[in-house]
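Each remark here refers to the structure printed beneath this line.
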Amino acid sequence: MKIFLDTANLESIRKFNDMGLLDGITTNPSLMFKEGGNPKVTMEEITKIIKGDVSLEVVSTEYSGMMEEGKRLRQYGDNVVVKVPMTPDGLKACKSFSSEGIPVNVTLIFSANQALLAAKAGAKYISPFIGRLDDIGQDGMKLIQEIKEIFSNYDFGTQILVASVRHPVHVVDAAKIGADVVTLPPAVLDKMMLHPLTKIGLDNFLADWDKLKSGNPDIKI
Ligand code: E4P
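Next comes the structure, spelled out in structure tokens:
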């Protein structure tokens, strides 16, 4: 399963990229707003840091505006994936971009039918928002299972990009289902690294090493 970071925060992107954990990045207008500054500079920088796919989202709601914005976004780098909303105009733009060889991420997917249509329109990725479904009392992970089952019956070549991930259990569940990608807020990726027994174990090892050294001060590893 590929791991993308769901952020426009350059510090986090550099931090996790240096650990070799990142296969790509997803952003959206809200994440851009959260970081402040000039979004153009941010987008350009992200595409330079990350070798893998970087989803940058259009803000036009009609077809021709989406096409213009998508083409401008692609100027930031060959790794830019144009992110369009799951609307009729978004699907039309998805079809046009993918026919031109430009990869598309169809976002704001909340049903299996939407996923099916986006795949038919040629999306490279579809982004089902599981956390937002959980928020309204539905089962977001059930949607991932359903989409996985449908996609396994056909040969769309569209990847399931699990979005709106809220906690590490979501990640394990998505991996068990066989989702292609999860996009994670930095806080979730931080939590995935931690286990209390790792910390206790390391503290004990270091305390014992200090004891050993107290009798042999010149010892070094
Ligand atoms: C995905 O591409 C979106 O940017 C993101 O996962 C949305 O997550 P949220 O529901 O936490 O805003």
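When the letters of the sequence shown are read in order and numbered with our numbering, they come out as residues 191 to 411. Even for Gly, the Cβ is constructed at its ideal location relative to N, Cα and C. Here the structure is a predicted model, which is why all the values come from computation and not from measurement.
query                                                                                                                                                      : result
Counting pairs of Cβ atoms below 8 Å between the segment 362-370 and the segment 230-239, do you hit three or more?                                        : no
Which parts of the segment 317-381 are runs of the beta strand (DSSP E), unbroken and 3 residues or longer, counting only runs that do not cross its ends? : 349-352, 371-374
Three or more beta-carbon pairs under 8 Å between the segment 203-214 and the segment 329-349, yes or no?                                                  : no
Any heavy atom of ligand 1 closer than 7 Å to the Cβ of asparagine 343?                                                                                    : no
For leucine 307, which of Arg322, Thr277, Ile320, Pro358 has the nearest alpha-carbon?                                                                     : Thr277
CB valine 355 to CB proline 375, shorter than 8 Å?                                                                                                         : yes
Taking the alpha-carbon positions, what's the alanine 305 to methionine 383 distance?                                                                      : 31 Å
Please state whether DSSP places lysine 310 in a helix, a strand or coil.                                                                                  : helix
Around the Cβ of leucine 379, are there at least 16 other Cβ atoms within 10 angstroms (buried) or fewer (exposed)?                                        : buried
For valine 294, does the count of other Cβ atoms within 10 angstroms reach 16, so buried, or fall short, so exposed?                                       : buried
Start and end of the beta strand (DSSP E) containing phenylalanine 300?                                                                                    : No beta strand (DSSP E) holds phenylalanine 300; DSSP gives it neither H nor E.
When DSSP labels each residue in this structure, what does isoleucine 292 get in the three-state scheme?                                                   : coil
How would you label phenylalanine 419, buried or exposed, when you count the other beta carbons within 10 angstroms and need 16 or more for buried?        : The requested residue 419 is not part of the displayed model; the chain covers only 191 to 411.
Assuming threonine 297 and glutamate 247 make a contact with CB atoms under 8 Å, what is their CB distance in whole Å?                                     : 7 Å
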